[in-house]
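Keeping their order, the protein sequence lines are chains A and B. Once you know that position 451 of the first sequence is 451 in the working numbering, the rest is easy, because the numbers rise by one and skip nothing. Once you know that position 312 of the second sequence is 1312 in the working numbering, the rest is easy, because the numbers rise by one and skip nothing. Ideal placement from N, C-alpha and C gives every residue a C-beta, glycine not left out. In this text the structure is predicted, and so the values were computed from the model without any measurement. Notes follow once the structure below has been shown.
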Amino acid sequence: MTGLVTTFGSGAMTNSIDDIADDANAYFIIGSNTTENHPVIGMRLRQAVKQRGAKLIVADPRRIPITDYAVLHLRHRPGTDIALLNGLMNELIEQDLYDKTFVAERTEGFEALKAKVAEYPLTRVEEITGVPAAKIKEAAQILGTTHPGALIYAMGITQHTTGHQNVIDCANLQMLLGNMGVAGGGVNPLRGQNNVQGACDMGCLVNFYPGYQKVMDEAARAKFEKAWGKTADLKPGLTVVELLHAAGRGEVKGLFVLGENPAMTDPDQNHARHCLEETEFLVVQEIFPSETTQYAAVVLPSSSFAEKEGTFTNTERRVQRVRKAFNSPGQARVDWWILAELGKRIQQRLGMAPDAAPYASFDYQKPEQIFDELAVLTPLYGGMSYERLEGNGLQWPCPTADHPGTRFLHKGKFSRGLGALTPVDWLPPAEVPDAEYPLLFTTGRVLYHFHGGTMSRRSPGLDEIVPEALVEINPVDARALHIEDGQLVKVTSRRGTVTAKAEVVDRPDIGVIFMTFHFHEAAANLLTNAALDPVAKIPEFKACAVKVEPA
Amino acid sequence: MADVHITIDGQSLTVPSNYTVLQAAESAGINVPTLCAHPSLKPIGACRICLVEIEKQRVLQPCCTFPVSEGMVVRTNTPKVREARRFVLDLLLSDHPLDCMTCQKAGDCTLQDLAYEYGIKESTFAGLQHDWPLQDANPFITRDYNKCILCRRCVRACEEINGVAAIGPLNRGFDTKIGTAYDGELQDSPCEFCGMCIALCPTGALQPKASIGKGRAWETHKVTTICPYCGVGCTLDLNVKDNRVVQVTSNWEGPSNHGWTCVKGRFGWDYIENEERLTTPLIRKDGELVPATWDEALDLVADKFAGYAKEFGPNALGFLSSAKCSNEENYLVQKLGRGVIGTNNIDHCARL
């Protein structure tokens, strides 16, 4: 997200699912296993290829299912995205295949970008990425001559120590191709969770108030202080991994975790669990006992999606109504009620008056009142109400009650004015294979499970289809290590070891090991590296070094 | 697209020239029965139930595939049309079990509705009936091809919606049957269990396995909501009976998915009724989490958090919010963190 703020001025999927699926003539998917992680979008992309003959290029270290529909699969090594993208752009410029009008009228910084990507001739790119020069040439030819083209990415781009720069380079490519501000184009990060977009929009980020109003901006701070009667200072807080580590060191005394499972989904799991164990007072609001509730001082039983009213914001910025089907089991309560109760009780203990400011109170009878309040304070949502969200919902920005919502961003003008072509350099991952840990390890999901598995592992049918973690290993590596398909293997990184069955398959490239992180029995995040991108503070889940041996 | 003028059942209509007669009729609110046609699939004219009279046409025509043309005059409900439809139904029911009283699809079955409308209690054709074995060796989909009318909606859903084309027609003539290559099990095929075949089956041939016996259409009500899994934001209809989800059905109006689902959206909802659900607040006492009242739990958290804030300052507290929770709830978490405690230590799993 920080990368898109740098280049365009706002960070979200620029286009809509419908226009990408129906209007794009080319697709460049990099770091998104679309058919498994965003299946319905994946289905629509398959149809675009099959029914309309749209040209699909997939750049991924693995032969993921959607590569079967691609005209070209660029199988680059994990952590070499920038080298690949710079190489592509250099080729586009050298072959005169870029959109000169767009670059001249809508962007700045072209000469600097041109000079930077000139450092990435095909021979060097082939050496770094492992992708044959001829394939990069072909990709440039297709992307340079097929418009509009949509670039689609997900965590394969962001979960690197260079994640911020990876995103910038994706934006550079799309600006160079003139694919911005048009239906069927854009830079489209597919958001992983049902309401990850909404959680960002609502300011559950260390540096943003709701609607991306900056914590560091005095005017924003004053606005929220006036609304709530009190707010935080101008300094961004600690991000998820930093927060956990600070709690582990005793610097943060009380940690509140709502519906997350950091003991399962954070990198370097042994250390994450150690931090949770050391946390002085951990409160977890959850629907299931989890790896994280084991460390809690207090567990607050809450509600599933089917048990509450509210709104989710999807990957295309569409705010949609969630509706209650029935009550939660036993004494479990809806999350908003629990949070409001805590608000009231903590305010009372801190001697704060609920009527001290227009929106200081936590006295809500229904979620609609909360939505009306957040709409007042969040300009992107300013024109929304439950009444207007009936039917198709609304896509932000929707600043006023008569605004129809926004199908795609940056039409005619970027949020920041001119788009910033921003040269970036390739850097290797924080940890690369060496003699002791000779293989590159990367993680992801499968169609039948979701994230830490809290939900999908408790769905008997899903768990029946995919009941266990598998270690994907290329047949060439398997032969060298004397590993057979189905055999138990031990995967070890500098941080831990997991044991699971090997799946000998050419899905990962030679030298690359893949595991999902759904299974607590063989938790991939025991192995991953907690090294962070210095700007976006995203951990490098997608690349670290491991060794594999028969168990 | 240029418009053409046509007349259907005496109504004068102006419709786009690329419309079929069925689309034209539907646009005017004229109901023509269909089995194989569906707005989300390309028409193939397989079932012949939508036959209509078109002036200057020698025989009745299936209106789902017949294109409109200037000056066309159509009649959708004449004695001749009704007789033809009755005959088609008679033939379909000649190889269809009449076990509606125990069929999961009863009440939501196009074939049943048509038999009711045309008063067909049983087929007039006595003869061979299929006795295909039930195919349900997978967690999600029960296939009973004795109830299949070969409309090929499932085949087209698999090809035109999902795209994997896991199923197709096998054999020839009377022995034609839908199945995977070599008529194996779905999980041994490219099937991804998206369930779009179930969503489009007009009879009881394809059923969600876990829903059978739990409630039928007239016993359930639909709650339209959003899928809790990934960020696509698919609209789903929860079919609810006695405070339980019986099944998830497609909502064709959904703006982001237009009725399409994946396996998690259609079948993965049952975690919510897993017996491990937390049902009471828990407080750790002597190393063990033990049940507590809401007041005990909330007061303890409030005491501790307010105490830390007073003693160590607001940044001694941190909040991890949830990408699974609603906007309203996420707003409250950061309002609690910033507006009550006074810290920016607020994050969630967007980075993970």
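query, result
"Proximity of A26 of chain A and G149 of chain A at Cβ, strictly below 7 Å", "yes"
"A54 of chain A - DSSP class collapsed to helix/strand/coil", "coil"
"Cross-chain neighbours of R191 of chain A in chain B, by beta carbon under 7 Å", "G1231"
"For A1205 of chain B: DSSP bridge partner residues", "DSSP lists no partner for A1205 of chain B."
"Euclidean distance between Cα positions of L1300 of chain B and G1307 of chain B", "10 Å"
"Residues near L380 of chain A by beta carbon distance below 6 Å, same chain, minus five either side", "G211, W396 and P397"
"Segment contact flag, the stretch 405-423 of chain A with the stretch 236-247 of chain A, C-beta cutoff 8 Å, min 3 pairs", "no"
"Proximal residues of chain B, C-beta to C-beta of E138 of chain A below 7 Å", "Near E138 of chain A there are no residues of chain B at all, since even the closest Cβ is about 24 Å away, more than 7 Å."
"Simplified DSSP assignment, three categories, for V167 of chain A", "helix"
"CB of Y1019 of chain B within 7 Å of CB of V1068 of chain B, strictly", "yes"
"Where the stretch 240-251 of chain A meets chain B: residues whose CB sits under 9 Å from a CB there", "V240, V241, E242, L243, L244, A246, A247 and E251"
"Closer than 7 Å to chain B by CB, V167 of chain A", "no"
"For F110 of chain A, the three-state DSSP class (helix, strand or coil)", "helix"
"One or two residues paired with Y209 of chain A in a DSSP bridge", "A:Q213"
"Outcome for E1329 of chain B when other beta-carbon atoms lying within 10 angstroms are tallied against a minimum of 16", "buried"
"Close beta carbons around E1160 of chain B, own chain, < 7 Å, minus the five adjacent residues each side", "L1041 and K1042"
"W1218 of chain B, buried or exposed, once every other Cβ within 10 Å from all chains shown has been counted against 16", "exposed"
"Collapsed DSSP secondary structure at R249 of chain A in the structure displayed", "coil"
"According to DSSP, residues forming a beta bridge with V546 of chain A", "A:L439"
"Touch test, the stretch 1222-1231 of chain B against the stretch 302-319 of chain A, Cβ-Cβ under 8 Å, three pairs minimum", "yes"
"T1279 of chain B to A1292 of chain B span [Cα, whole Å]", "11 Å"
"CB contact below 7 Å: I17 of chain A versus chain B", "yes"
"Close-in-space but distant-in-sequence residues of the same chain around G246 of chain A (CB under 6 Å, 5 per side omitted)", "It is worth fixing the name first, because residue 246 of chain A is Ala in this sequence and not Gly. Hits under 6 Å: L238 and V252."
"Contact list for the stretch 316-329 of chain A against chain B, Cβ threshold 9 Å", "E316, R318, V319, Q320, R321, V322, R323, K324, A325, F326, N327, S328 and P329"
"Beta carbon proximity, H38 of chain A to chain B, threshold 7 Å", "yes"
"Within 7 Å, strictly: CB atoms of V420 of chain A and G109 of chain A", "First, the amino acid is wrong: residue 420 of chain A is Ala here, not Val. It is a contact, given that the beta carbons lie within the stated cut-off."
"The stretch 453-470 of chain A contacting the stretch 516-530 of chain A, beta-carbon criterion three pairs below 8 Å", "yes"
"Option in B:K1335, B:T1203 and B:M1196 with minimal Cα separation from Q1112 of chain B", "B:T1203"
"Cβ neighbour criterion (16 or more within 10 Å) applied to M216 of chain A", "exposed"
"In chain order, each alpha helix (DSSP H) run of at least 4 residues that lies wholly inside the stretch 362-393 of chain A", "367-377 and 386-389"
"Cβ-Cβ distance between L97 of chain A and A140 of chain A below 7 Å", "yes"
"Partner residues on chain B for Y448 of chain A, Cβ-Cβ distance less than 7 Å", "V1263"
"Pair within 7 Å by beta-carbon distance, S1017 of chain B and A1002 of chain B", "yes"
"Within-7 Å CB hit, W1218 of chain B to chain A", "no"
"Own chain partners of D1090 of chain B with C-beta closer than 8 Å, once the 5 adjacent residues on each side are dropped", "I1120, S1123, T1124 and F1125"
"The stretch 1309-1318 of chain B contacting the stretch 175-184 of chain A, beta-carbon criterion three pairs below 8 Å", "no"
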